[in-house]
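First the structure, in the form of structure tokens, and then the observations on it.
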Amino acid sequence: MMQAYPKQWRSPFPTNGVRGTGTLEMLQSRLYQAAKADRKRRFYTLHDKICRTDVLREAWRHVAKNKGAPGIDGETIEAIEKTGVDEFLKELQRELIEESYRVQCVKRVYIPKPDGGKRPLGIPTVKDRVVQQAVRLIIEPIFEADFQEFSYGYRLNRSARQASLAVYKWLNYGLTEVVDVDVEGFFDHVNHQRLKALLMEKIADGYILKLINEWLRAGVVYLDTVTYPEEGVPQGGVISPLLANIYLNRLDEWWNELGMNQRNGFNAQLVRYADDIVIFTDRDATIVLGILAELLSELGLRLKAEKTKATNAHEGFDFLSFHFMRRYQMRHGKQVTYFYPSKKAAERFRSKVRELTKKSIVHLRSVEQVIENLNLLIMGWSNYFNHSTASNTYNSLQHFLEWKFRKYIAYKYQYRKASTHHTMGGALYQMGLRRLTGRIQYVYL
Numbered sequence: 025m026m027q028a029y030p031k032q033w034r035s036p037f038p039t040n041g042v043r044g045t046g047t048l049e050m051l052q053s054r055l056y057q058a059a060k061a062d063r064k065r066r067f068y069t070l071h072d073k074i075c076r077t078d079v080l081r082e083a084w085r086h087v088a089k090n091k092g093a094p095g096i097d098g099e100t101i102e103a104i105e106k107t108g109v110d111e112f113l114k115e116l117q118r119e120l121i122e123e124s125y126r127v128q129c130v131k132r133v134y135i136p137k138p139d140g141g142k143r144p145l146g147i148p149t150v151k152d153r154v155v156q157q158a159v160r161l162i163i164e165p166i167f168e169a170d171f172q173e174f175s176y177g178y179r180l181n182r183s184a185r186q187a188s189l190a191v192y193k194w195l196n197y198g199l200t201e202v203v204d205v206d207v208e209g210f211f212d213h214v215n216h217q218r219l220k221a222l223l224m225e226k227i228a229d230g231y232i233l234k235l236i237n238e239w240l241r242a243g244v245v246y247l248d249t250v251t252y253p254e255e256g257v258p259q260g261g262v263i264s265p266l267l268a269n270i271y272l273n274r275l276d277e278w279w280n281e282l283g284m285n286q287r288n289g290f291n292a293q294l295v296r297y298a299d300d301i302v303i304f305t306d307r308d309a310t311i312v313l314g315i316l317a318e319l320l321s322e323l324g325l326r327l328k329a330e331k332t333k334a335t336n337a338h339e340g341f342d343f344l345s346f347h348f349m350r351r352y353q354m355r356h357g358k359q360v361t362y363f364y365p366s367k368k369a370a371e372r373f374r375s376k377v378r379e380l381t382k383k384s385i386v387h388l389r390s391v392e393q394v395i396e397n398l399n400l401l402i403m404g405w406s407n408y409f410n411h412s413t414a415s416n417t418y419n420s421l422q423h424f425l426e427w428k429f430r431k432y433i434a435y436k437y438q439y440r441k442a443s444t445h446h447t448m449g450g451a452l453y454q455m456g457l458r459r460l461t462g463r464i465q466y467v468y469l
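Everything in the sequence shown is counted per the numbering used here, starting at 25 for the first residue and increasing by one.
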């Protein structure tokens, strides 16, 4: 039987409980437990582990599941599946064992941001994505052992839902002074030397460190220009979210070491989802904000002044596409916390509905395809928001969706009015369209 570790040491990586099976899950669990047992331990032999067949197969599964566009070499996931995944992985395994694998440049694209700007995105080749995922599978358990409880982004068994419920909890505990944080260009300003120093605190395998350094320094191709970044973590890289967590975990550790979250101190409770940060306190929020700014400056980061502010929960604030606020409720005679989809999130939903039901696609997609795409949007929204007080927002968006879909049907079949009986009421849902469903829940803590 495996050693019975204390509850706080239980690995978030699943195992089948059998010693010596050699499975990837068992390997991850053992790495996590070893790192947890000795916080100063450095791991010297990891190269051989990323070369394991089960590790590479699991890395491929992750990359193939996420689809994604091809990199600069033009090789697609579909093409690899057609020519043979086994052959692809065997050749990649040979290159890793012989250390002949070479990192390729990253293709730069720009995607629109909700505020109207554009976010740079780097697309590595499929081969690079598989190797990054293999390295992530091996080193993530080692660093996961040190990550703090109030960090929720891009971690196993952690989610935005849990982060939103943590916010809800602290507001209900009376910590209504809020520091709403925006880190300026975080992914573009991660200091490579600091990041490598943090990696070397745990990793002593030279080949692993060499690979990560090459991914950080990989050339970025945009149009006919190649640039080589001297700072930042490439958004779009498979391993980038883990590197971001490793970097910001130092902030989390400093926060604990300074006792910022102690009730007899500042009682400043931090909730972090990657670089999205919000802090709750019942003391002076401006002092807390000043301390946070100093800690971030130690990491070479700074706050975006126009989007960072000390506010109060009664004024309301947005976090992870939710809007949170405290209000007095006559029914229960006390202040309660409400949280529901933010206005920006609701408008993004409407924009997607408009895109999926626009007239220009009438002759390109069948009604069944449009319904399928709308249902995927509806299910995604329901899964993300249905633990919040979302009913009013859902009702509004449901009416909008029905109206746009009726207009789409009327245009497609040349009905005179969108409200014709062919598309009214329950007929929409008999065609297979799903409903947005939300519920109101009150939890008083």
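Ideal placement from N, C-alpha and C gives every residue a C-beta, glycine not left out.
What you are looking at is a predicted structure, and each value in this text was computed from that prediction instead of being measured.
In the same chain as L313, and ignoring 5 residues on each side of it, the C-beta atoms closer than 6 Å to its own belong to V203, A334, in chain order. DSSP places A93 outside both helix and strand once states are collapsed to three, so it counts as coil. By the C-beta density criterion, T251 is exposed, having fewer than 16 other C-beta atoms within 10 angstroms. For G198, DSSP assigns no beta-bridge partner whatsoever. The DSSP-derived three-state label of A169 is coil. When DSSP reads this structure, T305 sits in a beta bridge with E201. The Cβ atoms of T47 and D206 do not sit closer than 7 Å to each other. When secondary structure is reduced to three states using DSSP, Q186 falls in the helix class.
In the DSSP assignment, E255 is bridged to N215. Here the alpha carbons of D72 and K114 stand approximately 14 Å from one another. Residues of the same chain with a CB within less than 6 Å of the CB of T361, apart from the 5 flanking positions on each side, are Y192, L195, N196, R350 in chain order. A Cβ-Cβ distance of about 21 Å is found for the pair L272 and I162, leaving them out of contact under the 8 Å criterion. DSSP places V391 inside the alpha helix (DSSP H), whose first and last residues are 391-409. Each of R126, G404, L145 was checked against the Cα of V154, and the nearest Cα belongs to R126. Take V245, set aside five residues on each side of it, and the residues of its chain with a beta-carbon closer than 8 Å to its own are I96, C129, V130, K131, R132, in chain order. The continuous alpha helix (DSSP H) containing A59 extends over residues 48-61.
Note on geometry: alpha-carbon atoms of W239 and I74 lie some 16 Å from one another. Taking every protein chain shown into account, the CB of Q293 has 16 or more other CB atoms within 10 angstroms, so this residue is buried. Closest option to N410, judged by alpha-carbon separation, among A369, R372, N397, T461: T461. Counting only the Cα atoms, D342 lies some 23 Å from M284. Taking a cut-off of 8 Å for Cβ pairs, the stretch 362-377 and the stretch 312-329 do not touch, as fewer than three such pairs fall below it.
Listed as beta-bridge partners of K333 by DSSP are D204. Note on A59: 16 or more other CB atoms within 10 angstroms of its CB, so buried under the neighbour-count rule.
Straight through space, the alpha carbons of L325 and F304 are spaced by roughly 21 Å. Minimum Cα-Cα distance from E392 among the listed residues Y418, L457, T149 corresponds to L457. Nearest C-alpha to L223 among N407, L266, E396: L266.
Around the beta carbon of T417, 16 or more other beta carbons lie within 10 angstroms, which makes this residue buried. Per DSSP, reduced to three states, the secondary structure at H347 is strand. F348 is the residue among W405, D212, F348, Q186 whose C-alpha sits nearest the C-alpha of N336. Using a Cβ distance threshold of 7 Å, V159 and E99 do not count as a contacting pair. Inter-residue distance for R54 and A61 is about 10 Å (C-alpha atoms, whole angstroms). Going by C-alpha positions, D276 is about 39 Å away from S420.
Three or more beta-carbon pairs separated by less than 8 Å are not found between the stretch 371-388 and the stretch 218-232, which leaves the two stretches without contact. Counting along the chain, the unbroken alpha helix (DSSP H) around P265 starts and ends at 264-281.
Taking a contact as a CB-CB distance under 8 Å, the pair R296 and Y176 counts as one, their CB atoms being some 7 Å apart. Straight-line spacing of the CA atoms in E102 and W405 works out to 29 Å.
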